[in-house]
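Enquirer: One structure is given below, represented as structure tokens, and several questions about it will come after.
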Ligand code: B12
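In the working numbering, the protein residues as written are 4 to 209.
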């Protein structure tokens, strides 16, 4: 695949893998949305570009640097579990998938519910797997309504996990996150990892 070969060349020339996620793939998809909105590309192009990006991510995630490094494992440490996905009615799954890749690289075990996940599915999966974190991606303003439902659903658990939110619908602002009672808001996956595992004093206990 040409896109994968281009990414391979970029990495070989020293571009950090996280930069491919945050500075190449994400803005490329955002740009695609503008082109679609302006009717300069069609829905077929949008689908094709999404599939190509998914194909690139299929191998790229393995190349994200692991923290802590594989050479210094933490003996006996059980990986904390994160449940993530898009809320009800939201079909835009790429952002959540990128968040999942960063969480995995940071040592989390990730249960990705994908797109259009019911609020109760976040809670049920968190309950079964003893999740420490539920992360929800929202792309459109109307998708934000589902966040309160997720908050209520996980609050009914004996040990409610942290709720992290993000995605285009937040427009970079923590306002909605605060209004729905989310514990964490971050504009991108790297910022979320920095909140969960502040450097340099070590990893926060999830
Ligand atoms: C591809 C795409 C689709 C695909 C999605 C396929 C798929 N499998 O994902 C399809 C064709 C299904 C689709 C459908 C629609 N789409 Co659409 N879509 C897009 C597009 C072009 C790219 C989305 C994407 O993958 N972005 C790349 C990801 C990586 O970026 P991201 O989601 O922002 O995620 C990053 C950060 O936000 C953050 N993040 C994301 N989630 C989370 C979560 C947490 C916890 C954290 C910490 C961080 C975080 O980290 C990510 C990595 O940096 C966007 C344009 C855009 N600006 O994004 C429009 C866009 C989102 N769609 C739009 C629209 C209007 C629609 C439709 C209504 C079109 C229609 N008339 O049918 C439907 C709605 C379907 C639905 N019910 O959800 C509008 C939304 C406008 C709005 N504000 O409401 C956009 C913005 C296009 C536009 N410019 O108008 N779409």
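Note that beta-carbon positions come from the ideal geometry of N, C-alpha and C, so glycine has one too.
1) Where does residue 174 land, buried or exposed, given buried means 16+ other C-beta within 10 angstroms?
2) Answer with buried or exposed for residue 46, where buried requires no fewer than 16 other C-beta atoms within 10 angstroms of its C-beta.
3) Flag this pair as yes or no: are the beta carbons of residue 168 and residue 141 separated by less than 8 angstroms?
4) Quick check: does the Cβ of residue 48 come within less than 7 angstroms of any heavy atom belonging to ligand 1?
5) Just mark residue 74 as buried or exposed, buried being the case when its beta carbon has 16 or more other beta carbons within 10 Å.
6) Residue 32: beta carbon under 7 angstroms from a heavy atom of ligand 1?
7) In the DSSP assignment, what are the bridge partners of residue 112?
8) Between the alpha carbons of residue 171 and residue 67, how many angstroms are there, rounded?
9) Along the beta strand (DSSP E) that carries residue 169, what are the first and last residues, could you check?
10) Tell me whether residue 75 sits in a helix, a strand or coil according to DSSP, three-state version.
11) Return helix, strand or coil for residue 208, following the three-state DSSP convention.
12) Indicate, with yes or no, if ligand 2 has a heavy atom lying under 7 angstroms from the CB of residue 29.
13) Is residue 62 near ligand 1, with its Cβ less than 7 angstroms from a heavy atom?
14) Would you check if the region 54-65 and the region 113-133 touch, i.e. whether three or more CB-CB distances between them fall below 8 angstroms?
15) Rounded to whole angstroms, what is the Cα-Cα separation between residue 104 and residue 131?
16) Relative to the C-alpha of residue 115, which residue among 109, 27, 108, 96 is closest?
17) Opposite residue 187 in the DSSP bridges: which residues?
18) Could you give the DSSP three-state label for residue 137: helix, strand or coil?
19) Would residue 83 and residue 144 qualify as a contact pair, given that the criterion is a beta-carbon distance under 8 angstroms?
20) When burial is assigned at 16 or more other CB atoms within 10 Å of the CB, is residue 9 buried or exposed?
21) Residue 102: which of 147, 24, 165, 202 sits nearest, CA to CA?
22) Thinking just about the alpha-carbon of each residue, which of 113, 55, 156, 155 is nearest to the one in residue 31?
Expert: The short version:
1) Against the chain shown, residue 174 aligns to sequence position 171. Burial call: exposed.
2) To locate residue 46, count along the chain shown from 1; it is residue 43. Exposed, because fewer than 16 other Cβ atoms sit within 10 Å of the Cβ of residue 46.
3) Counting from 1 along the chain shown, the entry for residue 168 is found at position 165. Counting from 1 along the chain shown, the entry for residue 141 is found at position 138. Note that the C-beta distance between residue 168 and residue 141 is below 8 angstroms.
4) What you label residue 48 is simply residue 45 of the chain shown in a count that begins at 1. Outside the cutoff, so no.
5) Counting from one through the chain shown, the residue named residue 74 turns up at place 71. Here residue 74 scores only 47 on pLDDT, less than 50, and its place in the model should not be relied on; the value that follows carries that caveat. Around the beta carbon of residue 74, a 10 Å sphere encloses fewer than 16 other beta carbons of the protein chains shown; the residue is thus reported as exposed.
6) Taking the first residue of the chain shown as position 1, residue 32 is located at position 29. Set against 7 angstroms, the gap from the CB of residue 32 to the closest heavy atom of ligand 1 is smaller.
7) Translated into positions along the chain shown, residue 112 becomes position 109. Paired residues: 84.
8) What you label residue 171 is simply residue 168 of the chain shown in a count that begins at 1. What you label residue 67 is simply residue 64 of the chain shown in a count that begins at 1. When rounded, the separation of the alpha-carbon atoms in residue 171 and residue 67 is 23 angstroms.
9) Walking along the chain shown from the start, residue 169 turns up at place 166. Annotation: the continuous beta strand (DSSP E) that includes residue 169 extends over 165-169.
10) As a working mapping, residue 75 is identified with position 72 in the chain shown. Any answer about residue 75 is weak, because its pLDDT of 47 lies below 50 and its placement is not dependable; what the coordinates show is given next. Note: residue 75 maps to coil in three-state DSSP.
11) Within the chain shown, numbered from 1, the residue matching residue 208 stands at position 205. Residue confidence for residue 208 is low, a pLDDT of 49 falling below 50, so the modelled location carries little weight; the figure read from the coordinates is stated next. Residue state, collapsed to three classes: coil.
12) Ligands displayed in this structure: ligand 1; ligand 2 is not among them.
13) Locating residue 62 in the chain shown gives position 59, where the first residue counts as 1. Flag unset: Cβ of residue 62 not near ligand 1.
14) The region 113-133 vs the region 54-65: no contact.
15) Here the question's residue 104 lines up with position 101 in the chain shown. Here the question's residue 131 lines up with position 128 in the chain shown. Looking at the two C-alpha atoms, the distance is approximately 21 angstroms.
16) Counting from one through the chain shown, the residue named residue 115 turns up at place 112. Ranking the options by Cα distance to residue 115, first place goes to 96.
17) Counting from 1 along the chain shown, the entry for residue 187 is found at position 184. In DSSP, residue 187 forms a bridge with 167.
18) Taking the first residue of the chain shown as position 1, residue 137 is located at position 134. Correct three-state label for residue 137: strand.
19) Within the chain shown, numbered from 1, the residue matching residue 83 stands at position 80. Within the chain shown, numbered from 1, the residue matching residue 144 stands at position 141. Contact check for residue 83 against residue 144 fails: the beta carbons are separated by 8 angstroms or more.
20) Numbered from its first residue, the chain shown carries residue 9 at position 6. Answer is exposed; the Cβ neighbour count stays below 16.
21) Here residue 102 is taken as the residue at index 99 of the chain shown, counted from 1. Of the candidates 147, 24, 165, 202, the one whose C-alpha sits nearest the C-alpha of residue 102 is 24.
22) Here the question's residue 31 lines up with position 28 in the chain shown. It is 55 whose Cα lies nearest to the Cα of residue 31.
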